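Okay, structure first, notes after.
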Amino acid sequence: MRLPLATLEIFTAIARHGSLRAAADALGIKPSTVSHQLKSLEDQLDTALFIRTTRSISLTEAGRALIRGAGPAFDQLSEAVESARSTGHAARGTLKLAMPDFAYHLYVSPILNSFCAKFPEIELELSLTDALSDILGEELHAGFRLGDRVAQDMVAVRLTQPLQLAVSASPHYLTARGTPMDPRDLLEHNCIRYRFQSSGQIAPWRFEAKEGPYSVQVQGNLITNTLPASVDLAKRGLGLVYTFGAFVAAEIRAGHLKPVLENHLGQTPGIFLYYPREYRGMMPLKLFIEHIKQQRGSN
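Residue numbers in the sequence shown follow this note's numbering, run continuously in steps of one, and reach 715 at the last position.
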C-alpha cells in the first residue's frame, strides 16, 4: 500500500489539535476536506482512528498506535523541509571549494582570517588540487580555475586580471650554470617540469615572439604535480621553474630566486571562481565571493 502522506498529515493535525475544525484551520484547508481525507484514511486502513461524539473526538487504540509513529515522523519531515528551505540562505552552513595550490596561497589564504572572523558559522572545506575538479560529481559548491578552463555551463566570476608568467632560478644555480638569455638556451639547463594531475601531460613552457607564441620542449631530472613543490626545488638550486610571476614574487623580493627571460614571457588568463547556476542564491558562496573581491580591492 502506498504511504498516504497527505491524509496522514491531516490525521496528525486532528490528533494534535483535538478537532477537525482546528486541524483545518492549522492546515489552511476546508473542514469538509479534513473530514473527507480522514474517512479515506480510515477506509484504507479498514479501522476507525477516532471516537467521535457531539462534544469531543478522541483516538482509538489504532489511532494511538498510528500517532506514536506518525507524529515523530512528521516532525522530522517538517524539520527536513525547513532545513532545505533555509540551507544556503543564511550566513551559516558548509561551503566546499576546490582550488589549485597556487590559488590557495595567493588568493584564499590571505583572506581566511578575516572571513572566518566575520562569518564564524560558515564551515569552509577546501579541496586543494591542481586537477580539473568535477565539482558536481564531487559534491562541491565552487572551484577556482584559469579563465580558459571554466566550463560554459558554469557561472564564472573574475577574481584577477591576466597573470604574468615567469621563469626563475636561485642565484646559486645561475652562478653555477649560467643565465639563459634566450628561451632556446633552456635546452642546456635543468628545468623543473610540472605534470597536470588531471591529464597526466607535462605543462609546456610557452614564450612570446614577434612572430607569435611558441613553446620550448625543456628537459630536466625533476617533475612535480604541485607548484609549491616546484618553487621549493628551484629555491634549493636544483633548476629553473616556470610559473606565475605573482607566485614567486615574494621569493624574488627575498633574493631566494632571480627572474630570467622576462622580455620573452607573456600572460595567461586570469583566475575565475566558478559554480553551477543553481548556487547563485547560496548565501555562504555569495558572502565568500563578496569578501574575496573586497579584500583584493583593498590590497
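Heads up, the beta-carbon is just placed ideally off N, CA and C, and yes, glycines get one too. None of these values were measured; they are calculated from a predicted model.
Cβ-based neighbour list, residue i, same chain, cut-off 7 Å, excluding 5 preceding and 5 following
{"i": "residue 537", "result": "507, 508"}
{"i": "residue 428", "result": "483, 486, 487, 490"}
{"i": "residue 688", "result": "561, 563, 566, 572, 573, 574, 575"}
{"i": "residue 705", "result": "573, 689"}
Rounded straight-line distance, which links the Cα of residue j to that of residue i
{"i": "residue 690", "j": "residue 438", "result": "49 Å"}
{"i": "residue 660", "j": "residue 541", "result": "25 Å"}
{"i": "residue 543", "j": "residue 511", "result": "11 Å"}
{"i": "residue 513", "j": "residue 546", "result": "13 Å"}
{"i": "residue 640", "j": "residue 583", "result": "16 Å"}
{"i": "residue 668", "j": "residue 643", "result": "16 Å"}
{"i": "residue 728", "j": "residue 599", "result": "For the chain, the structure presents residues 417 to 715; residue 728 sits outside this window and is missing."}
{"i": "residue 458", "j": "residue 468", "result": "13 Å"}
{"i": "residue 665", "j": "residue 647", "result": "11 Å"}
{"i": "residue 645", "j": "residue 608", "result": "10 Å"}
{"i": "residue 698", "j": "residue 708", "result": "16 Å"}
{"i": "residue 692", "j": "residue 552", "result": "8 Å"}
{"i": "residue 523", "j": "residue 444", "result": "51 Å"}
{"i": "residue 446", "j": "residue 440", "result": "6 Å"}
{"i": "residue 635", "j": "residue 593", "result": "15 Å"}
{"i": "residue 515", "j": "residue 654", "result": "27 Å"}
The ligand PLP heavy atom lying under 7 Å from the CB of residue i
{"i": "residue 468", "result": "This structure simply doesn't include the ligand PLP, nor any ligand for that matter."}
CB of residue i within 8 Å of CB of residue j, strictly
{"i": "residue 716", "j": "residue 581", "result": "For residue 716 there is no data in the structure shown, the boundaries of the chain being 417 and 715."}
{"i": "residue 676", "j": "residue 596", "result": "yes"}
{"i": "residue 426", "j": "residue 450", "result": "yes"}
{"i": "residue 656", "j": "residue 605", "result": "yes"}
{"i": "residue 703", "j": "residue 557", "result": "no"}
{"i": "residue 436", "j": "residue 430", "result": "yes"}
{"i": "residue 621", "j": "residue 603", "result": "no"}
Span of the beta strand (DSSP E), counted from its first residue to its last, around residue i
{"i": "residue 579", "result": "579 to 585"}
{"i": "residue 687", "result": "687 to 692"}
{"i": "residue 559", "result": "558 to 562"}
{"i": "residue 647", "result": "Run containing residue 647: none in the beta strand (DSSP E); it sits in the alpha helix (DSSP H), 643 to 651."}
Same chain, Cβ closer than 6 Å to residue i, five either side skipped, listed in chain order
{"i": "residue 554", "result": "none"}
{"i": "residue 711", "result": "527"}
Exposed unless 16 or more other CB atoms sit within 10 angstroms - verdict on residue i
{"i": "residue 532", "result": "exposed"}
{"i": "residue 578", "result": "exposed"}
{"i": "residue 453", "result": "buried"}
{"i": "residue 422", "result": "exposed"}
{"i": "residue 649", "result": "buried"}
{"i": "residue 481", "result": "exposed"}
{"i": "residue 464", "result": "exposed"}
{"i": "residue 559", "result": "buried"}
Nonlocal neighbours in the same chain, by C-beta distance under 8 Å from residue i, ignoring five residues either side
{"i": "residue 652", "result": "586"}
{"i": "residue 617", "result": "611"}
{"i": "residue 623", "result": "599, 629, 630, 631, 632, 677, 680, 681, 682"}
Endpoints, the alpha helix (DSSP H) within which residue i is located
{"i": "residue 640", "result": "No alpha helix (DSSP H) holds residue 640; the beta strand (DSSP E) holding it covers 638 to 640."}
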